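To start, the structure itself, in structure tokens.
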Amino acid sequence: MPSAAASPPTQDEATIRVRGVVKHYGEVRALDGVDLEATAGTVLGLLGPNGAGKTTAVRVMTTLLKPDAGEIHVAGLDAVRQAAELRERIGLAGQYAAVDENLTGAENLTMVGRLYGMPRAVAKTRAQELLARFDLTDAGSRPARGYSGGMRRRLDLAAALVARPPVLFLDEPTTGLDPRARLAMWETIEGLVADGTTVLLTTQYLDEADRLADRIAVIDRGKVIADGTSDELKDRVGGERLEIHLSDGAQASAVGAALAPMAAEAPFSEDGVVKLSVKQRSGAIVEAVRRLDEAGVGVDDIGLKRPTLDDVFLTLTGHAAEERTDDDDDDREGRR
Amino acid sequence: MRRLVTDTLVIAERNLVRLPRSPDLLLAFTVQPIMFVLLFVYVFGGAISTPGYSYVDFLIPGIIVQNIAFGGFVTALGLNEDLHKGLIDRFRSLPMARPAVLAGRTLADVVTNSLSVCVLVVTGLIIGFNFHASAGEILAGFGILLLFGYAFSWVFALLGLLVSSPESANSLGFIAVFPLTFISSAFVPVDSMPAALQWFADINPFTIVVDAMRALWLGAPAGNSIWGAVVWSLAILVVFAPLAVARYRKTAALR
Numbered sequence: 012m013p014s015a016a017a018s019p020p021t022q023d024e025a026t027i028r029v030r031g032v033v034k035h036y037g038e039v040r041a042l043d044g045v046d047l048e049a050t051a052g053t054v055l056g057l058l059g060p061n062g063a064g065k066t067t068a069v070r071v072m073t074t075l076l077k078p079d080a081g082e083i084h085v086a087g088l089d090a091v092r093q094a095a096e097l098r099e100r101i102g103l104a105g106q107y108a109a110v111d112e113n114l115t116g117a118e119n120l121t122m123v124g125r126l127y128g129m130p131r132a133v134a135k136t137r138a139q140e141l142l143a144r145f146d147l148t149d150a151g152s153r154p155a156r157g158y159s160g161g162m163r164r165r166l167d168l169a170a171a172l173v174a175r176p177p178v179l180f181l182d183e184p185t186t187g188l189d190p191r192a193r194l195a196m197w198e199t200i201e202g203l204v205a206d207g208t209t210v211l212l213t214t215q216y217l218d219e220a221d222r223l224a225d226r227i228a229v230i231d232r233g234k235v236i237a238d239g240t241s242d243e244l245k246d247r248v249g250g251e252r253l254e255i256h257l258s259d260g261a262q263a264s265a266v267g268a269a270l271a272p273m274a275a276e277a278p279f280s281e282d283g284v285v286k287l288s289v290k291q292r293s294g295a296i297v298e299a300v301r302r303l304d305e306a307g308v309g310v311d312d313i314g315l316k317r318p319t320l321d322d323v324f325l326t327l328t329g330h331a332a333e334e335r336t337d338d339d340d341d342d343r344e345g346r347r
Numbered sequence: 004m005r006r007l008v009t010d011t012l013v014i015a016e017r018n019l020v021r022l023p024r025s026p027d028l029l030l031a032f033t034v035q036p037i038m039f040v041l042l043f044v045y046v047f048g049g050a051i052s053t054p055g056y057s058y059v060d061f062l063i064p065g066i067i068v069q070n071i072a073f074g075g076f077v078t079a080l081g082l083n084e085d086l087h088k089g090l091i092d093r094f095r096s097l098p099m100a101r102p103a104v105l106a107g108r109t110l111a112d113v114v115t116n117s118l119s120v121c122v123l124v125v126t127g128l129i130i131g132f133n134f135h136a137s138a139g140e141i142l143a144g145f146g147i148l149l150l151f152g153y154a155f156s157w158v159f160a161l162l163g164l165l166v167s168s169p170e171s172a173n174s175l176g177f178i179a180v181f182p183l184t185f186i187s188s189a190f191v192p193v194d195s196m197p198a199a200l201q202w203f204a205d206i207n208p209f210t211i212v213v214d215a216m217r218a219l220w221l222g223a224p225a226g227n228s229i230w231g232a233v234v235w236s237l238a239i240l241v242v243f244a245p246l247a248v249a250r251y252r253k254t255a256a257l258r
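Chains as they are written, first to last, in this note's numbering: chain X, 12 to 347; chain Z, 4 to 258.
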């Protein structure tokens with residue numbers, strides 16, 4: 012019988028490597044030559060709007076779909092040729108919180124444990140451990156039907172962790188959660204990563220990728236259009252900007268003139284706020300305040316702001332991250 | 004192989020522990036068949052002539068076969084719900100035996116079908132049904148019922164994986180099963196039907212299974228019906244189980 016601990020984990024095992032993966036649904040190219048890489052113990056964020064191909068990417072990496080072309084290695088195993096072995100090394104939790112509503116929390120986890128090949132007693136013990144860890148001990152003996160959205164999501168994540176997989180796939184783990192449950196989920200994921208789990212996380216939330224992911228791959232229309240650390244992506248959009256809130260919006264043009272020597276490009280102003288890329292970060296605020304003071308411009312607030320991932324997405328794709336496209340396609344992706 | 008057996012049992016257990024928690028499902032397995040027996044016997048019974056048998060004796064084997072054909076609906080609806088809820092994705096991401104999700108479902112149907120058959124037999128006995136058979140023949144009758152019901156569960160398993168919603172599983176299932184069971188010897192003698200229907204009824208597997216049940220439980224002439232019922236059941240199983248498993252391997256979540 013295959014066991015969850017077939018061989019000791021090696022350095023290479025907890026990694027994800029995807030090369031040139033293509034997946035069609037009829038005419039639609041859901042994945043159009045995707046490359047991804049995650050090193051052991053890190054979080055790779057797959058960031059993109061609905062229908063970008065995130066769910067399809069997760070489905071090919073978790074052996075649920077066969078790619079039409081390309082190579083996928085997860086935990087050192089080929090996702091097509093070694094699919095059965097790979098399933099012992101991965102955990103999958105999704106936005107649809109796949110738990111059996113008619114079973115209790117404990118029964119759900121015990122069932123998953125037994126389907127990983129654990130004897131009943133071991134699966135039961137593991138279920139109780141996970142219920143305790145996810146703050147579900149009291150709810151564990153009640154059918155999941157009565158759980159809140161956050162509780163269901165925690166149970167779903169617990170189910171993905173039953174066999175202590177070295178690689179975890181989380182498909183939009185916080186979509187639809189209230190802010191408190193979302194924060195709790197973030198902390199849980201951070202805890203898992205601290206324990207050495209490699210996580211691939213899809214999200215359409217920029218703040219989520221920013222907070223959790225070591226590296227981010229921005230995906231749009233089935234292609235990875237950028238990847239790197241959050242900082243690297245922000246740098247691609249340009250450096251830091253000086254943001255000046257004026258006491259009197261009419262003085263915006265005076266600001267442009269006063270700060271022209273230190274500006275990297277023409278300033279942008281709107282509603283009494285002037286944004287301006289600076290040539291040099293150090294001393295920029297002091298210099299700007301001095302120049303504005305000399306020019307007699309009243310300032311309410313001034314600061315150096317890094318571009319957000321929102322700016323990144325807008326610059327890279329020409330459309331906002333959370334804009335919904337007409338052909339709403341995570342739906343279509345889900346079907347065969 | 005051992006993995007297939009344990010995984011199948013785990014899934015069967017999953018589908019059975021929910022039963023006591025869903026009163027509506029339990030009603031479907033118990034009260035609904037009783038209601039049909041009472042309606043047929045007391046509403047139609049007086050108007051249907053069944054030479055050689057009282058209508059209760061004639062009806063009970065027929066209605067049990069019809070009931071068992073509908074038993075697989077739970078599989079179709081349950082699998083379709085699992086698709087929508089993402090549970091099939093979870094199962095497919097686990098290192099479990101591929102056919103176990105379907106085999107466990109259909110195995111659970113055998114248990115619920117047994118429950119339904121017992122309820123119907125007891126109801127029949129209360130309102131006047133009599134076995135004209137040895138203990139061995141009665142048991143053989145149970146065996147054929149459960150085998151036929153099991154084979155039909157695989158038809159429903161395929162249906163549940165093919166349709167887009169539980170509602171369409173429901174209507175497609177009814178459209179397929181109702182004519183099959185009604186244009187058979189289940190409720191009326193076949194020779195009372197128009198010629199075209201008689202032709203269909205005679206080759207209908209439901210007629211063959213119902214005739215086998217009457218041969219075993221009432222001592223009616225068996226003809227080829229008993230081995231015919233077994234062959235039909237095995238043929239349905241051999242065709243539909245691989246089709247359903249192949250479909251399951253390729254299936255994706257519906258959302």
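By construction, the Cβ of each residue, glycine as well, lies at the ideal position given by its N, Cα and C atoms. Owing to the predicted nature of the structure, the values given are computational and were not obtained by experimental measurement.
Check	Outcome
Spatial neighbours of L141 (chain X) in its chain, beta-carbon cut-off 6 Å, leaving aside the 5 residues before and after	L120 and A169
Buried versus exposed call for A117 (chain X) [16 or more other C-beta atoms within 10 Å across all chains shown]	buried
Proximity test, Cβ basis, 8 Å: P154 (chain X) and chain Z	yes
Within the stretch 204-248 of chain X, ranges of the beta strand (DSSP E) (whole runs, at least 3 residues)	209-214, 226-231 and 234-239
Helix, strand or coil at E48 (chain X) [DSSP, three-state]	strand
R317 (chain X) - DSSP class collapsed to helix/strand/coil	coil
The stretch 46-61 of chain X in contact with the stretch 216-229 of chain X per 3-pair CB rule at 8 Å	yes
Stretch-stretch touch, CB-based, cutoff 8 Å, three pairs: the stretch 301-310 of chain X with the stretch 251-258 of chain X	yes
Cβ neighbours of P78 (chain X) in the same chain (closer than 6 Å, five flanking residues each side left out)	V32, K34 and V71
Which residues DSSP lists as bridging E281 (chain X), in chain order	X:V284
L181 (chain X) - containing beta strand (DSSP E), residue span	V178 to D182
Expected contact under 8 Å - CB spacing of D112 (chain Z) and G74 (chain Z) to nearest Å	6 Å
Contact list for M99 (chain Z) against chain X, beta-carbon separation under 7 Å	L126
Within 8 Å, strictly: CB atoms of L219 (chain Z) and E140 (chain Z)	yes
Minimum Cβ-Cβ distance from V77 (chain Z) to chain X less than 8 Å	no
One or two residues paired with A174 (chain X) in a DSSP bridge	Paired residues: none, contrary to the question.
Continuous alpha helix (DSSP H) stretch holding K65 (chain X): start and end	K65 to M72
Backbone CA spacing between V289 (chain X) and S241 (chain X) [nearest angstrom]	20 Å
Rounded straight-line distance, which links the Cα of T53 (chain X) to that of L211 (chain X)	8 Å
Partner residues on chain Z for I101 (chain X), Cβ-Cβ distance less than 9 Å	S96
E16 (chain Z) versus T78 (chain Z) - alpha carbon distance	14 Å
Short CB-CB distance (under 8 Å) between V248 (chain Z) and chain X	no
Contact with chain Z by G233 (chain X), beta-carbon distance below 8 Å	no
Alpha carbon of T73 (chain X) to alpha carbon of L183 (chain Z), nearest angstrom	42 Å
Continuous beta strand (DSSP E) stretch holding A274 (chain X): start and end	That residue, A274 (chain X), is in no beta strand (DSSP E); it is neither H nor E in DSSP.
CB contact below 8 Å: V377 (chain X) versus chain Z	There is no way to answer for residue 377 (chain X), as the model of chain X reaches only from 12 to 347.
Interface positions of the stretch 12-46 of chain Z facing chain X (Cβ-Cβ less than 7 Å), listed along the chain	V13, R17, V20, R21, R24 and S25
Nearest-angstrom Cβ-Cβ length linking R193 (chain X) and T199 (chain X), presumed shorter than 8 Å	That belief does not hold up - the Cβ atoms of R193 (chain X) and T199 (chain X) are roughly 11 Å apart, past 8 Å.
Terminal residues of the alpha helix (DSSP H) in which H256 (chain X) lies	Where H256 (chain X) is concerned, there is no enclosing alpha helix (DSSP H), although the beta strand (DSSP E) it sits in stretches over R252 to L257.
Opening and closing residue of the beta strand (DSSP E) in which L103 (chain X) lies	I101 to A104
Stretch-stretch touch, CB-based, cutoff 8 Å, three pairs: the stretch 6-22 of chain Z with the stretch 94-112 of chain Z	yes
Cα-Cα separation, F324 (chain X) to L75 (chain X)	29 Å
Q106 (chain X) versus P190 (chain X) - alpha carbon distance	16 Å
V158 (chain Z) - containing alpha helix (DSSP H), residue span	A138 to L165
Where V71 (chain X) meets chain Z, residues with beta-carbon distance less than 9 Å	In chain order: nothing, as chain Z lies at least about 11 Å away.
Status (buried if at least 16 other CB within 10 Å, exposed otherwise) for D182 (chain X)	buried
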